[in-house]
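In my numbering, the protein residues as written are 216 to 636. C-beta atoms are modelled at their ideal positions from N, C-alpha and C, and glycine is treated no differently. See below for the structure under consideration.
Encoded structure:
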């Protein structure tokens with residue numbers, strides 16, 4: 216920027232042709248320098264860069280820098296115009312493509328334009344792991360199927376290995392696709408570091424993979440191995456980089472522990488775990504932050520209450536989930552304060568109303584599943600997946616093909632495998 220300011224000063228104080236040539240030389244030298252770490256932040260840069268663009272119209276860097284300034288100061292249309300000009304002059308500038316893609320998605324809802332520029336940005340520099348992460352998040356917003364996202368990430372494994380968030384996305388995709396052991400292997404071979412906006416991400420996938428593994432062992436009658444997996448899920452290993460909050464609900468883990476003990480014939484242990492799984496708040500709410508109560512915890516509270524013979528209470532829990540979902544399906548949701556614990560690091564602006572709509576459909580599906588109305592439950596889960604193909608809960612619970620038998624007597628016996636779903 217120093218050379219841009221120098222050329223601007225020269226042009227201001229002396230309009231002679233000789234000084235103009237000096238100014239042009241300064242602008243040309245500035246344009247030829249690497250753009251790394253150059254981010255204009257003073258209001259004077261507007262005049263300096265606009266002067267450079269006028270005297271040296273072939274300069275692609277001046278509109279690129281000015282676009283950065285405009286976007287940082289919320290002049291989004293001006294920023295988009297500058298970046299479009301920069302790309303016309305320098306089509307191989309990956310960061311200009313990335314910036315333009317971000318602006319088109321967030322400020323104009325132009326998903327096609329955003330996708331075009333993001334894919335071009337990554338194609339120009341396939342070593343940029345941050346752009347890969349952002350492109351993958353764009354794929355999530357646009358509903359790209361999980362198997363296609365995973366295949367894309369696997370083609371760029373070296374980039375994935377550079378970032379915790381990309382590694383977690385890869386593990387999440389394996390869980391989505393029914394490969395919990397692969398997800399767990401990915402998680403356990405890396406040391407993660409906490410970051411703002413990523414709280415609960417890796418621990419959530421760690422627990423999800425172990426629960427899925429336990430379900431598989433229960434199906435095979437390997438109850439002791441299932442219990443080992445579930446017990447392991449209750450403790451976070453140091454490599455995850457996060458301690459376990461006292462408020463983290465474990466109703467899903469505890470319920471499956473009860474089920475594994477029940478199937479193995481240990482009625483005392485089963486009732487102990489069912490009683491533990493039945494504890495907690497069972498008032499549905501909209502989980503805006505990562506440490507809010509997830510809807511699955513309420514679902515498993517209901518199943519556990521049924522296992523304990525509290526059938527009326529179990530039904531009321533499931534009915535309450537349905538009623539909440541139906542009552543709040545079309546709420547206009549907004550955050551009314553600044554929070555640091557949003558469940559995602561938001562590259563792209565989130566549609567809170569859409570997120571709430573999906574959450575309510577998911578609650579409705581879980582409620583109907585608990586009540587044994589499989590057809591209605593599957594319909595709700597299908598609606599969720601139509602809006603978000605990467606929804607882990609809807610993917611897992613949509614696979615159930617018969618009602619959970621929580622009204623059956625405890626104490627062992629041949630319980631259908633769908634009961635623990």
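Residue i - DSSP class collapsed to helix/strand/coil
i           : result
residue 410 : coil
residue 274 : coil
residue 258 : coil
residue 250 : coil
residue 217 : helix
residue 516 : helix
residue 229 : coil
residue 531 : helix
residue 614 : coil
residue 343 : coil
residue 601 : helix
residue 596 : helix
residue 396 : helix
residue 307 : coil
residue 322 : helix
residue 496 : coil
residue 269 : helix
Residue i Cβ short of 6 Å to the ligand ADP heavy atom set
i           : result
residue 319 : Inclusion of the ligand ADP in the displayed structure is not the case, the ligand content being empty and no account of it being possible.
Integer Cβ distance of residue i from residue j, believed to fall under 8 Å
i           : j           : result
residue 540 : residue 600 : No, residue 540 and residue 600 are not in contact; Cβ-Cβ is about 16 Å, not under 8 Å.
residue 390 : residue 342 : Incorrect: roughly 28 Å between the Cβ atoms, too far for contact.
residue 365 : residue 385 : 7 Å
residue 340 : residue 306 : Actually they do not touch by this definition, with Cβ atoms about 13 Å apart.
residue 533 : residue 467 : That belief does not hold up - the Cβ atoms of residue 533 and residue 467 are roughly 16 Å apart, past 8 Å.
residue 395 : residue 604 : The Cβ separation is near 19 Å, so there is no contact.
residue 584 : residue 615 : 6 Å
Residue i, enclosing alpha helix (DSSP H) - first and last residue
i           : result
residue 446 : 438–448
residue 243 : 232–247
residue 474 : 466–478
residue 424 : 416–434
residue 335 : 326–339
residue 382 : 379–391
residue 460 : No alpha helix (DSSP H) holds residue 460; DSSP gives it neither H nor E.
residue 638 : The question about residue 638 has no answer here: the residues shown for the chain are numbered 216 through 636.
residue 509 : Note, residue 509: premise wrong, no alpha helix (DSSP H); not H, not E.
residue 606 : Taken as a continuous stretch (DSSP letters only), residue 606 belongs to no alpha helix (DSSP H), as it is neither H nor E.
residue 486 : 482–492
Buried versus exposed call for residue i [16 or more other C-beta atoms within 10 Å across all chains shown]
i           : result
residue 227 : exposed
residue 372 : exposed
residue 512 : buried
residue 231 : exposed
residue 452 : exposed
residue 285 : buried
residue 273 : exposed
residue 225 : buried
residue 635 : Caution applies to residue 635, whose pLDDT of 43 falls short of 50 and renders its modelled position unreliable; the value that the coordinates give is listed next. Counting Cβ neighbours within 10 Å, residue 635 comes out buried, since at least 16 surround it.
residue 249 : exposed
residue 473 : buried
residue 403 : exposed
**OP:** Please go through the region 537–591 and give each complete alpha helix (DSSP H) segment of 4 or more residues, from N-terminal end onward.
**Re:** 567–586
Original post:
Where in the region 350–374 do unbroken runs of the alpha helix (DSSP H), each at least 4 residues long, occur, reported from the N-terminal end onward?
Top reply: 361–370
Original post:
What alpha helix (DSSP H) runs, 4 residues minimum, are completely inside the region 276–301?
Top reply: 276–287
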